[in-house]
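Q: Residue numbers for the sequence shown follow this note's numbering, so the first one is 216 and each next one is one higher. Just so you know, even glycine gets a beta-carbon here, dropped at the ideal spot from N, CA and C. All figures in this text were calculated on a predicted structure; none of them were measured in a lab. Okay, here's the structure, questions in a sec.
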Amino acid sequence: MTGSKGATAQRAAAAPRIEDRALATGEPLPENLLAAVVFGSGAPRHEDPRCVRVGLQPLHRASVAELWHASGPVRIGFDGPVRYAADAHHLAGAVELDERDYGGLAATAAAAYTAISRFQASSSHPHLLRVWNYFDGINRGADDGERYKQFCLGRAAGLALSTATYHPAATAIGRRDGSPVLQVYWLAGRTPGQALENPRQVSAFHYPRQYGPAAPRFSRAMLVGGGRLLMISGTASVIGHASHHPGRLDAQIRETLMNLGMLKQRANAIAPAIAPRLGPSSLLKVYLRDTSAASEVAALLAEQLPAGVDYMLLEADICRAELLVEIDCIHGA
Ligand code: 3EB
Numbered sequence: 216m217t218g219s220k221g222a223t224a225q226r227a228a229a230a231p232r233i234e235d236r237a238l239a240t241g242e243p244l245p246e247n248l249l250a251a252v253v254f255g256s257g258a259p260r261h262e263d264p265r266c267v268r269v270g271l272q273p274l275h276r277a278s279v280a281e282l283w284h285a286s287g288p289v290r291i292g293f294d295g296p297v298r299y300a301a302d303a304h305h306l307a308g309a310v311e312l313d314e315r316d317y318g319g320l321a322a323t324a325a326a327a328y329t330a331i332s333r334f335q336a337s338s339s340h341p342h343l344l345r346v347w348n349y350f351d352g353i354n355r356g357a358d359d360g361e362r363y364k365q366f367c368l369g370r371a372a373g374l375a376l377s378t379a380t381y382h383p384a385a386t387a388i389g390r391r392d393g394s395p396v397l398q399v400y401w402l403a404g405r406t407p408g409q410a411l412e413n414p415r416q417v418s419a420f421h422y423p424r425q426y427g428p429a430a431p432r433f434s435r436a437m438l439v440g441g442g443r444l445l446m447i448s449g450t451a452s453v454i455g456h457a458s459h460h461p462g463r464l465d466a467q468i469r470e471t472l473m474n475l476g477m478l479k480q481r482a483n484a485i486a487p488a489i490a491p492r493l494g495p496s497s498l499l500k501v502y503l504r505d506t507s508a509a510s511e512v513a514a515l516l517a518e519q520l521p522a523g524v525d526y527m528l529l530e531a532d533i534c535r536a537e538l539l540v541e542i543d544c545i546h547g548a
């Protein structure tokens, strides 16, 4: 009796294993995979629906991939614009919509998130946990017309159809590839996650009006797999709701790492399997606006990160023009 109960608890607590490594040209995708996110124009092309190609250029490697390994056999499916792959616990989904088909980014984001909300509501894995959003020219446009704010407007409209009681963790980052495609991909679960906020920061969904007509709908982090995996949203040099240290890369990195540290501590306090600090199993994506600062950033991170912590460094635009760098993190033991 206790044995079968224990097995049930363990099944419910499974977390996907996520790994960063390059895929060689011609290399088949590993077996039992939920998703392969590949970065850069040099990344190999796969026709597999589980593959998402993101046009962000890696700055310290030729190509990198993030592999989401399943815990068993994978079922692949399609539902309208959504493509997905699922195992017994988790689902990876992706939607890629061409802005020219919807008349602007806000309408495109609304269409994407309407599709996601509808799909998730009827899915066997209904709980939206972690979402990445990539689109071109995130800082183009003035005031409320700035594309990031337009994206937030459409996302809010689409997510309003969701039945979820909390927001997923998220990243929203600008590509520079001139492609009119909004890319959204996500992790969802059969069981809910636990959303975390950062006491150093105002919750994004409570940001004041100055940041746009609709607040960004995301949580600062999500505990996944019964507290075995922490998925931290895109994190920048924001305290309260304000950007800090404009123009100062070193201070922005330091502040960003403090925000990440706070979320790891909070997670560790309620989920002891989560290490309170970054370690060799942490996966970082560092989004950097100024490519000429790549070696400076590498030096700063070598100084500020614990030994053995690796990261992807990607050329990208960040959603506020004054932010030079943003980091997101997948973090376990
Ligand atoms: C911030 O703290 C930085 O709109 O989905 C970080 C992570 C940011 C996610 C999003 C935006 C988003 O507000 C920007």
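On the criterion of 16 or more Cβ atoms from any shown chain inside 10 Å, does Ile-233 qualify as buried, or is it exposed?
A: The residue given as residue 233 occupies position 18 in the sequence shown. By the 10 Å Cβ count, Ile-233 comes out buried.
Q: Taking Gly-393 as the reference, give the member of Pro-296, Arg-315 and Leu-493 with the closest Cα.
A: By 1-based counting over the sequence shown, the position of residue 393 is 178. Considering only alpha carbons, the answer is Arg-315.
Q: Ignoring anything shorter than 3 residues, give me the beta strand (DSSP E) runs that lie fully in the stretch 467–529, in order along the chain.
A: Within the stretch 467–529, the complete beta strand (DSSP E) runs of at least 3 residues are 498–503.
Q: Run the proximity test for Cys-534: is its beta-carbon closer than 7 angstroms to any non-hydrogen atom belonging to the ligand 3EB?
A: Counting from one through the sequence shown, the residue named residue 534 turns up at place 319. At least one heavy atom of the ligand 3EB is nearer than 7 angstroms to the Cβ of Cys-534, so yes.
Q: Any contact between the stretch 380–397 and the stretch 232–246? By contact I mean 3 or more CB pairs, one from each, below 8 angstroms.
A: Segments in contact, no.
Q: Suppose only complete runs of 3+ residues qualify. What are the beta strand (DSSP E) ranges in the stretch 365–418, listed by chain order?
A: The stretch 365–418 contains these whole beta strand (DSSP E) runs: 384–390, 396–404 and 409–411.
Q: Which runs of the alpha helix (DSSP H) spanning at least 4 residues fall entirely within the stretch 332–363, listed in chain order?
A: Runs of the alpha helix (DSSP H) inside the stretch 332–363: none found.
Q: If you draw a straight line from the C-alpha of Ile-489 to the C-alpha of Gly-318, how long is it?
A: The count along the sequence shown starts at 1 and reaches residue 489 at position 274. The count along the sequence shown starts at 1 and reaches residue 318 at position 103. Between Ile-489 and Gly-318, the C-alpha separation is close to 43 angstroms.
Q: Is there contact here, the stretch 413–424 with the stretch 347–365, by at least three beta-carbon pairs under 8 angstroms?
A: Verdict: no, contact absent.
Q: Considering only the beta carbon of each residue, do Pro-431 and Asp-359 sit closer than 8 angstroms?
A: In the sequence shown, residue 431 corresponds to position 216, counting from 1. In the sequence shown, residue 359 corresponds to position 144, counting from 1. Contact: no.
Q: By the three-class DSSP mapping on this structure, what secondary structure does His-421 have?
A: Within the sequence shown, residue 421 is the residue found at index 206, counting from 1. Three-state result, His-421: helix.
Q: Ignore the nearest five residues each way along the sequence and tell me which others in Asn-354's own chain have a CB closer than 6 angstroms to its CB.
A: Mapped onto the sequence shown, residue 354 falls at position 139. So the qualifying residues of the chain are Asp-532 and Ala-536.
Q: Determine the burial state of Thr-380: buried for a count of at least 16 other Cβ atoms within 10 Å of its Cβ, exposed for fewer.
A: Along the sequence shown, read from residue 1 onward, the residue named residue 380 stands at position 165. Result: exposed.
Q: Closest to Gly-287 by C-alpha separation, out of Pro-273, Cys-266 and His-304, would be which residue?
A: Within the sequence shown, residue 287 is the residue found at index 72, counting from 1. Comparing Cα-Cα distances from Gly-287 to each of Pro-273, Cys-266 and His-304, the minimum goes to His-304.
Q: Tyr-317 bridges to which residues according to DSSP?
A: As a working mapping, residue 317 is identified with position 102 in the sequence shown. Note: Tyr-317 sits in no beta bridge, so no partner.
Q: So what's Ala-326 in DSSP terms, helix, strand or just coil?
A: Position 111 of the sequence shown, counted from the first residue, corresponds to residue 326. Helix, per DSSP.
Q: Where does Asp-204 fall in DSSP's three states?
A: Since the first residue shown for the chain is 216 and the last is 548, residue 204 is missing from the structure and cannot be characterised.
Q: Going by CA-CA distance only, name the one from His-382, Gly-369, Gln-416 and Val-396 that's closest to Ala-410.
A: Your numbering for residue 410 matches position 195 in the sequence shown. Measuring from the Cα of Ala-410, the nearest candidate turns out to be His-382.
Q: Three or more beta-carbon pairs under 8 angstroms between the stretch 337–347 and the stretch 398–407, yes or no?
A: At 8 angstroms Cβ cutoff, the stretches touch.
Q: Does the contact criterion of 3 or more C-beta pairs under 8 angstroms hold for the stretch 306–313 versus the stretch 325–332?
A: A contact exists between the stretch 306–313 and the stretch 325–332.
Q: Can you check which of these residues, Gly-292, Gly-257 and Asp-505, is closest to Ala-280 by C-alpha distance?
A: As a position in the sequence shown, residue 280 is number 65, starting the count at 1. For the residues Gly-292, Gly-257 and Asp-505, the minimum Cα distance to Ala-280 belongs to Gly-257.
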